[in-house]
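Here's the structure, in structure tokens; my notes come after.
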Amino acid sequence: MAVDRRRVEAAVRELIAAIGEDPSREELESTPRRVAESYSEFFSGVGRDARLELGETYPVVAGSEPEPVLLRDITFRSVCEHHLLPFRGTAHVAYVPGQRLVGLGRIPAVVDVLANRPQLQERLGEQIAATLDEALDARGVLVVLEASHGCVTLRGPQQAASTTVTVASRGTLREPAARAELMGLIGGRAAAAATAAAPTTTNTTPHEVAL
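Note that the UniProt record's numbering has the sequence shown beginning at 1, numbered continuously upward.
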């Protein structure tokens, strides 16, 4: 679904007036248009099916035992749906193939579509994991996200150095031993937090906010 730029521009002009500014002031005249253009990028994933980004898949090597595939350090940015402030960070995505493999470039495309909408970090990780699990019939999926949130760094607590780590897992990668092996490959604080998070009966493991 495309962003309705005309409605966004009208809303931004009203917002500028609501905070006590003059939307006709020279420096602010083009602000509604610029915000609408930015929102067209930030929310380009609204209404899109991330599974379509996976495209063509390929059979696993005949006679081989599927091993985990890990793509580290996928950068992403999104918008927190609570305050409409940005959050940005890094995604580490691993899956154990069932019978099919996917091109590595397709995984960042899935992250991008799901991040480009009003989001919660916890939900984003779960949606990435669910997309790969369902579309590829994977044996296991692990998604570790580490991000800095504007709603924590720029307002309220104003903790500029804080990061939030979330973990989502499916199948065999909910097992501690399999998870620990991948965390060693990911490295860093996110890996330490994910390793410490034991599998639960729900799909979301505990997340850590460093304040």
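Heads up, the beta-carbon is just placed ideally off N, CA and C, and yes, glycines get one too.
- For I16 and E9, the gap between their C-alpha atoms comes out near 11 Å.
- Distance check between E14 and each of V3, A2, E29 and M1 places E29 closest, using alpha-carbon atoms only.
- Secondary structure at V3: coil, using DSSP grouped into helix, strand and coil.
- In this chain, the beta strand (DSSP E) harbouring P59 covers T57 to P59.
- As summarised for the stretch 67-109, the continuous beta strand (DSSP E) elements at least 3 residues long and confined to that stretch are 69-80, 86-96 and 100-102, given in chain order.
- With respect to T57, Q121 sits apart: the two C-beta atoms are not nearer than 9 Å.
- By the Cβ criterion, the stretch 82-89 is in contact with the stretch 140-157, since at least three pairs of Cβ atoms, one from each stretch, lie closer than 8 Å.
- In this structure the stretch 126-134 does not touch the stretch 65-80; the number of beta carbon pairs closer than 8 Å is below three.
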